[in-house]
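What follows is a short report on a single structure.
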Amino acid sequence: MALDKVKGLCTDADIDIRVVSGVLCGSAAALLTLKWMNQRRVQKKLEEAKRKRELGFQRMEKAAKQFKQQNPGVKAAPILSLPLVELAAKLKDGSLSPESVLYTYMEKALDVTREINCVTNYLPECEEQLQEVKKQEKGLLYGVPVSIKENVACKGYPNTLGFVKFLDHPEPEDSVIVKVLKKQGAIPFVKTNTSQAILNIDCGNTLFGQTLNPFNHKKSSGGSSGGEAALVGGGGSILGIGTDVAASIRVPCGFCGICGFKPTGYRLSDKGSTTPIAGMDSVISVPGPMARNVDSLVLCMKALLCDEMFHLDLAVPPLPFNEEIYSSSRPLRIGYYDDDGYFQSSPSMRRAVQETRKLLQEAGHTLIPFTPPQIDFLVDELFTKGLFADGTSTLVEKFNGEFVDSTWTNQIRCYRLPNLLKSILAFILSPVFPRISRHLHALLGVGSVKNLWKNNADRMAYREEFIEEWRKLKLDVVLCPALGPAFNLGYAGKLFVATTYTHLYNVLNFPAGVVPVSTVTPADEEELKLYKGHYGDPWDTRMKEAVEGAVGLPVAVQCVALPWQEELCLRFMKEVERVSLEKRGRRKV
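Residue numbering for the sequence shown follows the working numbering, starting at 420 and increasing by one per position.
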């Protein structure tokens, strides 16, 4: 009897095991099927998006060709060569028609994007708006074609951030910035590419592909506003709007040889600009202008800082552009540094700062050495831990059900590591690669609300320490490196952490801009062979490899002012541009 019971139990257990095994196998098969179905769905959406995009380009091409056939006397070269301020003046006095300018830039933008893949959408509404602007009072940007970064809302188009999941969510209205641009007579005509999820200094995603550098197609355009920078740098747009959360305006502008400006957070409205981590304010995301020269940035800021913006977004302080500060000619007290001690600046970055310092001194300004305090603490505790206070979970969720673009593979692999594994790796790497160890530890996030409050308090204390050092030296502005020159393809996504020179001023919420002042020389390239970095770790090796082969590419410097002093920062940028152009002019004589 006992034996029969044992046999019965064994038989029942065998049945249970078979049942459980069957269920598990069935579940696994079901999961694989669901995954395959999702991939097919995503692939179909990608193909449909590509088809719609190409149809938009065809419509764009047809409109430009039709205008050209009907107006054979309109020559593109004279229009494309005009700086924004002159172009706006000619549009306003009627010596140039808005039609001739729009269709000329439409044709050029199409040529540029066919070469380097920077435009995501043609905005056919621009042709209707062309007629509307003639009926309204001529604003500061009357008839000026403007390109808009993909995550800044234009009615009827999704802010996808390079994700398929957002394709079916068109924006119900224009962002405040786009509304103000239109009020000032500007004509948004294309949207431009960005990195997937934005938080990356490359410019590629599975929806729209990789944007290339307009000067060297083996190089990155930078990111995340890389589509804007590449289009403007390639001559396909005269004015663009980007956003900047760590470097996203300044890095691509530096890579593509144009000027870019990040205002103090909330000086311009960010309503309608989509960010990948909604609610995160440890590192401020800011919209700003991108153009070929500083005068263009100034004109755009004047146009945006108007009653229309203050009315549409009551959270924006009603501070019109202060012409008196911008036009001042008094000598400046300028702090400077050419290396922050965290990521060693490349030879061309360092030379650009030192040459600019010398030119500014010769122009009558006072230059004073300045050292940002506690840069390791700023990078690891305030930037990385503040940006990813939740341990990267919100950002990682955005990739659920999505193909990961190759420009993001390295970052997302790191972010997806289980916290326990991050902790173990951080501990193991601490003796040999302390910088990478600290970064992994920071990616764990803050861990609790109490710790988040402490992180906020630490950020405010650091800001006060930074300003105190600034005041002690009686500085007006600071000159420092911008990341560059342009990285070789495949490296930008592996070096998001190299944005220390730029993301410092997002954490501090200071206005900052970049101005191209030089190009990489053979001597810079030769000196790069001796580059070791400050830590001698894999990041330093990558940095050296990233900037190799850049002779002839543009190099920019960064200009910084205290919060709400946009006009002073732009005045400093203009002075840097002036002395740099004068030097280049002397070389040509």
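Heads up, the beta-carbon is just placed ideally off N, CA and C, and yes, glycines get one too.
Rounded to a whole number of angstroms, what is the C-alpha to C-alpha distance between E505 and P941? The straight-line gap from Cα to Cα measures roughly 36 angstroms.
Three-state secondary structure (DSSP) at D726? Here DSSP, grouped into helix, strand and coil, assigns D726 to helix.
Nearest to T579 by alpha carbon, out of N612, K638, Q462 and H922? Each of N612, K638, Q462 and H922 was checked against the Cα of T579, and the nearest Cα belongs to N612.
For F846, count neighbouring C-beta atoms within 10 Å of its own C-beta (all shown protein chains included) and say buried if the count is 16 or more, exposed if not. Burial state of F846 is exposed, judged by a 10 Å Cβ sphere holding fewer than 16 other Cβ atoms.
Spatial neighbours of G952 within its chain, please: C-beta separation below 6 angstroms, excluding the five flanking residues on both sides. Contacts found: Q763 and D959.
Over the uninterrupted beta strand (DSSP E) stretch that includes R752, give me the two end residues. Looking at the DSSP string, the run of the beta strand (DSSP E) that includes R752 is R752 to Y755.
What residues in its chain sit with their C-beta under 7 angstroms from that of Q682, if we drop five residues either side in the sequence? Inspection of the sequence shows that residue 682 is occupied by Pro rather than by Gln. The beta carbon of P682 lies closer than 7 angstroms to those of V705, G707, P930 and E985 in the same chain, with the five residues before and after it left out.
DSSP beta-bridge partners for P930? None; P930 has no bridge partner.
Where does T539 fall in DSSP's three states? In this structure, T539 counts as strand in the three-state DSSP scheme.
Unbroken alpha helix (DSSP H) runs of length 4 or more, entirely within the stretch 757-803: which are they? As far as the stretch 757-803 is concerned, its whole alpha helix (DSSP H) runs of at least 4 residues are 766-781.
Kindly indicate which three-state DSSP category F608 falls into: helix, strand or coil? Reduced to three states, the DSSP call for F608 is strand.
Per-residue burial, Q389 [other beta carbons within 10 Å of its own, 16 or more giving buried]: What the structure shows of the chain is the stretch from 420 to 1008, and residue 389 is not part of that stretch, so it cannot be assessed.
Report buried or exposed for P935, applying the criterion of at least 16 other Cβ atoms within 10 angstroms of its Cβ. Burial is judged here by how many other beta carbons sit within 10 angstroms of a residue's own beta carbon; P935 has at least 16 and is buried.
In three-state terms, what does DSSP make of N875? Per DSSP, reduced to three states, the secondary structure at N875 is helical.
Report the start-end ranges of each alpha helix (DSSP H) in the stretch 873-952 that is 4 residues or longer and not cut off at the edges. DSSP runs (the alpha helix (DSSP H)) wholly in the stretch 873-952: 919-926 and 941-947.
Would you mind sorting S867 into buried or exposed? The rule is 16 or more other CB atoms within 10 Å of its CB. Exposed, because fewer than 16 other Cβ atoms sit within 10 Å of the Cβ of S867.
DSSP state of V599, grouped into three classes? Note: V599 maps to helix in three-state DSSP.
Is the stretch 694-704 close to the stretch 640-647, with three or more CB pairs under 8 angstroms? Counting Cβ pairs under 8 angstroms, fewer than three are found: no touch.
Buried or exposed for I787, going by 16 or more other Cβ atoms inside 10 Å? Exposed.
Which same chain residues, not among the five before or five after T790, have their C-beta less than 7 angstroms away from its C-beta? Closer than 7 angstroms at the Cβ level, and outside the excluded window around T790, lie Y756.
For the beta strand (DSSP E) that contains A975, what are its first and last residues? Here the beta strand (DSSP E) through A975 covers P973 to V979.
Three or more C-beta pairs closer than 8 angstroms, one from the stretch 485-503 and one from the stretch 566-579: is that the case here? Between the stretch 485-503 and the stretch 566-579 there are fewer than three C-beta pairs closer than 8 angstroms, too few to call the two in contact.
Beta strand (DSSP E) containing M709: first to last residue? M709 -> beta strand (DSSP E) spans V705 to A710.
C-beta contact flag for A616 and K817 at 8 angstroms: Contact: yes.
Between which two residues does the beta strand (DSSP E) holding P564 run? Residue range P564 to K568 is occupied by the beta strand (DSSP E) that includes P564.
T921 to I668, Cα distance in whole Å? Roughly 10 angstroms between the two C-alpha positions.
Determine the contact status of I620 and V597, defining contact as a CB-CB distance below 8 angstroms. No Cβ-Cβ contact shorter than 8 angstroms links I620 with V597.
Using a 10 Å radius around the Cβ and a threshold of 16 neighbouring Cβ atoms, would you call L443 buried or exposed? Bear in mind that a pLDDT of 46 at L443, under 50, signals an unreliable position, so the number given afterwards is only what the model happens to contain. Residue burial annotation: L443 is exposed, with fewer than 16 other C-beta atoms found within 10 angstroms of its C-beta.
Cβ-based burial, I843 [other Cβ within 10 Å; buried from 16]: By the C-beta density criterion, I843 is exposed, having fewer than 16 other C-beta atoms within 10 angstroms.
Going by beta carbon distance, what residues of the same chain come within less than 6 angstroms of A483, once the five residues before and after it are set aside? The residues are Y522, M525 and E526.
Whole alpha helix (DSSP H) runs in the stretch 618-698 with 4 or more residues, listed along the chain? Restricted to the stretch 618-698, the alpha helix (DSSP H) segments that are unbroken, complete and at least 4 residues in length are 645-652 and 669-675, listed in chain order.
Using the three-state DSSP reduction, which class does S440 fall into: helix, strand or coil? With a pLDDT of 47 at S440, under the threshold of 50, the predicted position of this residue should be treated as unreliable, though the coordinate-derived value follows. DSSP places S440 in helix when its eight states are reduced to three.
Nearest-angstrom Cα separation, counted from N925 out to G558: Going by the C-alpha atoms only, they are around 31 angstroms apart.
P502 in three-state terms, based on DSSP: In the structure shown, P502 sits in coil (DSSP, three-state: anything other than H, G, I, E or B).
If I measure Cβ to Cβ from L422 and keep anything under 6 angstroms in the same chain, skipping five residues before and after, which residues do I get? Here L422 scores only 36 on pLDDT, less than 50, and its place in the model is too uncertain to base an answer on.
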